[in-house]
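Heads up, the thing below is written out as structure tokens.
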Amino acid sequence: MTYCIGILLDEGVVLASDSRTNAGIDRVSTFRKMFTFEKPGERFFALLTAGNLSLTQGVISLLTEWLNNENPEQDLFAVSSMFGAARAVGTALREIHKIDGGYLQQHEVDFSGSFILAGQ
Numbered sequence: 094m095t096y097c098i099g100i101l102l103d104e105g106v107v108l109a110s111d112s113r114t115n116a117g118i119d120r121v122s123t124f125r126k127m128f129t130f131e132k133p134g135e136r137f138f139a140l141l142t143a144g145n146l147s148l149t150q151g152v153i154s155l156l157t158e159w160l161n162n163e164n165p166e167q168d169l170f171a172v173s174s175m176f177g178a179a180r181a182v183g184t185a186l187r188e189i190h191k192i193d194g195g196y197l198q199q200h201e202v203d204f205s206g207s208f209i210l211a212g213q
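Following my numbering, the numbering of the sequence shown begins with 94 at its first residue and continues without gaps.
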């Protein structure tokens, strides 16, 4: 089980995520599940992930690849709102699912993930 949590306070937002991964009884490891995207002085996003690591890592990789991209709807540094940022995360999620989902489902691998996006 993995988790991520966000708490909205009067003074701001508190974010937390675990770092444990489990690939079997004897294969417990750690992996970062909180990622930040920042354009200093302009915008900051934190993205927390939980679930299948191939899915969540794929989403993070695509979002990173799309930074300073020609498509402003995919680029977290160019979106015009938090809604636009959430849509970019959703687009990356659908893209990874389109690429890997069929194969993983065929082999009965749970291919789900959860995301919390925060920022300004």
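Ideal Cβ placement from N, Cα and C applies to all residues, glycine included.
For Val172, which of helix, strand or coil comes out of DSSP? Note: Val172 maps to coil in three-state DSSP.
For Lys191, which of helix, strand or coil comes out of DSSP? Annotated three-state conformation of Lys191 is helix, per DSSP.
Considering only DSSP beta bridges, list what Phe128 is partnered with. Bridge pairing for Phe128: Leu140 [DSSP].
Check this for me: beta carbons of Ile209 and Leu155, under 7 angstroms apart or not? Note that the C-beta distance between Ile209 and Leu155 is not below 7 angstroms.
Drop a sphere of 10 angstroms on the beta-carbon of Leu169, count the other beta-carbons inside from all chains shown, and report buried for 16 or more, exposed for fewer. By the neighbour-count criterion, in which a residue is buried when 16 or more other Cβ atoms sit within 10 angstroms of its Cβ, Leu169 is buried.
Considering only their Cβ atoms, is the gap separating Lys126 from Ser110 smaller than 7 angstroms? Yes, the pair counts as a contact, with Cβ atoms nearer than the cut-off.
Would you identify the three-state DSSP class for Thr95, choosing helix, strand or coil? It is coil, neither helix nor strand.
Residue from Glu158, Leu102 and Gln213 whose Cα sits closest to the Cα of Glu188: Taking only the C-alpha atoms, the option nearest Glu188 is Glu158.
Quick check on Ile153: buried or exposed, where buried means 16 or more other Cβ atoms within 10 Å of its Cβ? Burial of Ile153 is indicated by the presence of at least 16 other C-beta atoms within 10 angstroms of its C-beta.
If you run the structure through DSSP and keep just helix, strand and coil, what is Gly134? Residue state, collapsed to three classes: coil.
Measuring straight from C-alpha to C-alpha, what distance separates Gly151 and Glu104? The straight-line gap from Cα to Cα measures roughly 33 angstroms.
How is Ser207 classed by DSSP in three states: helix, strand or coil? When DSSP states are grouped into helix, strand and coil, Ser207 belongs to the strand group.
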